[in-house]
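Shown next, in structure tokens, is the structure this report addresses.
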Amino acid sequence: MFNVSRTAANYGNGVCDLFPDEEDVVSPETRELLLFHAGKVGEVPLLPTVAREIMAMLGDPSVGMARVALSARKDPAMAANLLRVANSAAFGGAAPVSSIREALVRIGIEGTKRFLYQTSTARILAVKARPELAARLQERSVAVAHAAARIAQHHGSDPDTAFLAGLLHDVGWAVGYGLLARLPSALPPELATDETRAFATVDALHTEIGATLGRCWNLSPSAVDAISGHHQPMERHAGLMAHIVYAATHVCDSMGIGPVEPPSLELADDPVMQRLRLDRTALAQLRTALKLDLP
Ligand SMILES: [Fe+2]
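If you use our numbering, the sequence shown corresponds to residues 537 to 831, in order.
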């Protein structure tokens, strides 16, 4: 079907679903071991301490931006990043901002929440031994997050949950590969030597690994369901959020943020798009809006 090889280098290139049955490629022992250790990874919170502190303040209307800024200054890297984002094309105003408080005001509460999730997720998606995979995962996850939020808005659903679910939908790839590198002696030896086998294993388990992490991080059930069911939402009778993330991934594919080969189906004819009321006009508007969202 595809003329590209099944390796990590081809993550996001539309080669993810060639093994129909997980049991064909992953033994029950390997699955159990990887999911157990994914739970251990999930013991480290999704958001670092300062980010959690800021997130709590943003949810409290009695807390002003000056206090939030004070907290953000405790993490110099985060503070520098906030200034960079506030002065970027997406948020840039007539004059550049130079204080954290001004940056927070310019980005806004929702924008700051998304910034915190995005920077925290980038840390988790960084696969040290595979920098190219990490870069593609990050680029695609951010694009899918923005697309999912737009689709949720279009459908009258919660854009924040959609953004987070889109951002984390493929986190299982990063953590899966990280575990293969960390646990070579506990796993079948071919997973360390056969790149195709390693790819197929992570491919088959990435949604389960991601859902395990999502539960550890206390994500909402709909976000966990979206991570778990984003490849086949209808076949798996998944909820609305899984349909939204599925649609977001396919919209990104259709914009070239994904597969080598163009989607074989006209996107608007996909039953998932029809369920979400994404006809040709809505999809064209979505692509236009998305180009403005993306860095
Ligand atoms: Fe996926």
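No residue lacks a Cβ here, since even glycine has one placed at the ideal position from N, Cα and C.
Every value quoted in this text rests on a predicted model; they were computed, and no experiment measured them.
Per-residue burial, residue i [other beta carbons within 10 Å of its own, 16 or more giving buried]
i	result
LYS576	exposed
PRO769	buried
GLN810	exposed
VAL551	Its pLDDT being 49, under 50, VAL551 is placed unreliably by the model, and nothing is read from it.
ASP805	exposed
HIS773	exposed
GLN821	exposed
SER721	exposed
TYR653	buried
THR729	exposed
LEU801	exposed
Check: residue i C-beta below 7 Å from any heavy atom of ligand 1
i	result
THR743	yes
HIS766	yes
ASP706	yes
beta-carbon residue i near ligand 3 non-hydrogen atom, thresh 7 Å
i	result
HIS786	With respect to small molecules bound, the structure shown includes ligand 1 and not ligand 3.
Residue range of the unbroken alpha helix (DSSP H) whose run includes residue i
i	result
GLU771	Neither: GLU771 is in no alpha helix (DSSP H) and is coded neither H nor E.
ILE590	585–594
TRP627	Strictly speaking, residue 627 in this sequence is Phe, with Trp absent from that position. It is not in any alpha helix (DSSP H) - PHE627 carries neither H nor E in the DSSP assignment.
ASP789	776–790
ARG816	816–829
LEU570	564–577
SER758	757–765
LEU606	601–608
ARG811	807–811
For the region 703–710 and the region 659–671, state whether three or more C-beta atom pairs, one from each stretch, are separated by less than 8 Å.
yes
Taking three-plus beta-carbon pairs below 8 Å as touching, is the region 778–796 in contact with the region 684–703?
yes
Touch test, the region 629–644 against the region 731–746, Cβ-Cβ under 8 Å, three pairs minimum:
no
Along the chain, which unbroken stretches of the alpha helix (DSSP H) at least 4 residues long are found entirely within the region 643–709?
Restricting attention to alpha helix (DSSP H) runs no shorter than 4 residues, the region 643–709 encloses them at 667–691, 695–704, ordered along the chain.
Hey, which unbroken runs of the alpha helix (DSSP H) at 4 residues or more fall wholly within the region 703–743?
707–718, 726–729
How about the region 598–609 and the region 626–638: do they share at least three Cβ pairs that are nearer than 8 Å?
yes
Measuring CB atoms only, is the region 567–576 touching the region 611–624, in the sense that at least three cross pairs come out at less than 8 Å?
The region 567–576 and the region 611–624 do not touch, with fewer than 3 CB-CB distances between them shorter than 8 Å.
Please confirm if the region 721–741 is in contact with the region 664–682, defined as three or more CB-CB distances below 8 Å between the two stretches.
As far as the Cβ criterion goes, the region 721–741 does not touch the region 664–682, which means the pair count is below three.
Does the region 646–653 come within contact of the region 587–598, defined as at least 3 CB pairs closer than 8 Å?
yes
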